[in-house]
Amino acid sequence: MNGVLALSAYHIASVTHCQHARRKEYQYQMLAIQDLGRCLSNLGPENADGALVASMALLWLCEDMSSRGQIAAGISAILQTCQGLGHQSAFCRMITQAWRQTAHLHTTPKPECGDTNGLQHIIAEMRKFEEILEEHEPDDDTWRQLRLLIALAEDLIKVEPSTPADKQFERFRLLRYYKLWLPLNDLLTDKDLSSILMVNAYLHAVVLYTPPQTSQAYMIDLGVNLPSLLNETLRQIRPVEPYVRLLDELKVILSPM
1 MNGVLALSAY
11 HIASVTHCQH
21 ARRKEYQYQM
31 LAIQDLGRCL
41 SNLGPENADG
51 ALVASMALLW
61 LCEDMSSRGQ
71 IAAGISAILQ
81 TCQGLGHQSA
91 FCRMITQAWR
101 QTAHLHTTPK
111 PECGDTNGLQ
121 HIIAEMRKFE
131 EILEEHEPDD
141 DTWRQLRLLI
151 ALAEDLIKVE
161 PSTPADKQFE
171 RFRLLRYYKL
181 WLPLNDLLTD
191 KDLSSILMVN
201 AYLHAVVLYT
211 PPQTSQAYMI
221 DLGVNLPSLL
231 NETLRQIRPV
241 EPYVRLLDEL
251 KVILSPM
């Protein structure tokens with residue numbers, strides 16, 4: 001439960017920038033670590049699901065690649081133990097199936113999508129969309145998120161193998177933060193999400209077109225099928241005015257993938 005509460009506090013803090021929520025996220029995260037330690041010290045069918053929930057929550061919240069690798073290895077070990085114990089809860093079966101798919105994706109070569117020219121085209125399209133949002137929804141948070149994403153994408157073009165590792169990591173850390181951004185406020189108010197989904201589609205496209213020496217290994221370290229996620233995002237966008245043309249242009253740019 002503390003892992004779930006930590007995730008909830010994280011998303012609230014990400015959307016509202018509330019410092020109290022950020023502190024609660026940290027507190028619940030520490031409690032989830034303690035819960036996980038107690039579960040692992042006496043792992044059995046009665047607490048295996050709890051150990052998996054805590055591990056998955058901590059994996060989602062963790063930004064350090066070394067720690068993420070350790071947590072992922074721990075989840076694999078828990079699943080193997082569950083198999084040995086004959087534990088077959090619905091939750092355990094779901095995680096086991098997803099974990100097997102992840103392992104398959106890790107052994108399947110990923111397409112080299114990184115393309116600086118492609119990223120420049122995406123930035124040009126985002127600037128067109130920025131003008132539309134500024135004209136029709138100047139007070140909307142989606143417009144501000146898009147402006148920040150454009151600035152970040154322009155920084156990513158400058159990343160080269162010779163760029164200091166700490167500067168590379170900081171840019172890719174910001175990109176991962178955007179990947180986790182969820183439009184919770186707009187979902188709660190039943191707002192039309194087409195513009196938000198457009199920004200999310202641009203975000204996924206930026207990740208795919210970012211030079212691949214570091215970004216994709218960092219963003220897709222758990223085998224996320226980002227091209228599939230991008231296609232599903234595009235499918236969910238309603239082709240409405242005034243940006244139906246931009247949606248079509250984005251699909252054309254992404255069609256070679």
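Numbering (the numbering used here) for the sequence shown: 1 to 257. Glycine is no exception: its CB is placed at the ideal position from the N, C-alpha and C atoms. The structure displayed is predicted, hence computed values, not measured ones.
Here residue 69 carries a helix assignment [DSSP, helix/strand/coil].
The residues 28, in chain order, have a CB closer than 7 Å to that of residue 5 in the same chain once the five nearest residues on each side in sequence are set aside. Segment contact: the region 44-56 against the region 77-96, three or more CB-CB distances shorter than 8 Å; contact assigned. Relative to residue 228, the option among 15, 32, 243 and 201 whose CA is nearest is 201. DSSP places residue 255 outside any alpha helix (DSSP H), giving it a letter other than H or E. Distance from the CA atom of residue 141 to the CA atom of residue 16, rounded to whole angstroms, is 11 Å. In this structure, the CA atom of residue 242 is about 20 Å from the CA atom of residue 150.
For the pair residue 135 and residue 96, the Cα-to-Cα distance works out to about 48 Å.
The Cβ neighbour count for residue 153, taken over all protein chains shown within 10 Å, is at least 16; the residue is labelled buried. The three-state secondary structure of residue 237, taken from DSSP, is coil. Between residue 91 and residue 199, the C-beta spacing is not below 9 Å. Residue 82 holds the alpha-carbon nearest to the alpha-carbon of residue 49 among 21, 74 and 82. Rounded to the nearest angstrom, the gap between the Cα atoms of residue 68 and residue 13 is 21 Å.
Counting other Cβ atoms within 10 Å of its Cβ, residue 240 stays below 16 and is therefore classed as exposed. By the Cβ neighbour-count rule, residue 119 is buried, with 16 or more other Cβ atoms within 10 Å of its own. In the three-state scheme derived from DSSP, where H, G and I count as helix and E and B as strand, residue 134 is classed as helix.
One Cα belongs to residue 70, the other to residue 32, and the distance between them is close to 16 Å. One thing to note: residue 125 has its Cβ no nearer than 9 Å to the Cβ of residue 234.
Distance from the CA atom of residue 36 to the CA atom of residue 226, rounded to whole angstroms, is 30 Å. In this chain, the alpha helix (DSSP H) harbouring residue 41 covers 19-41.
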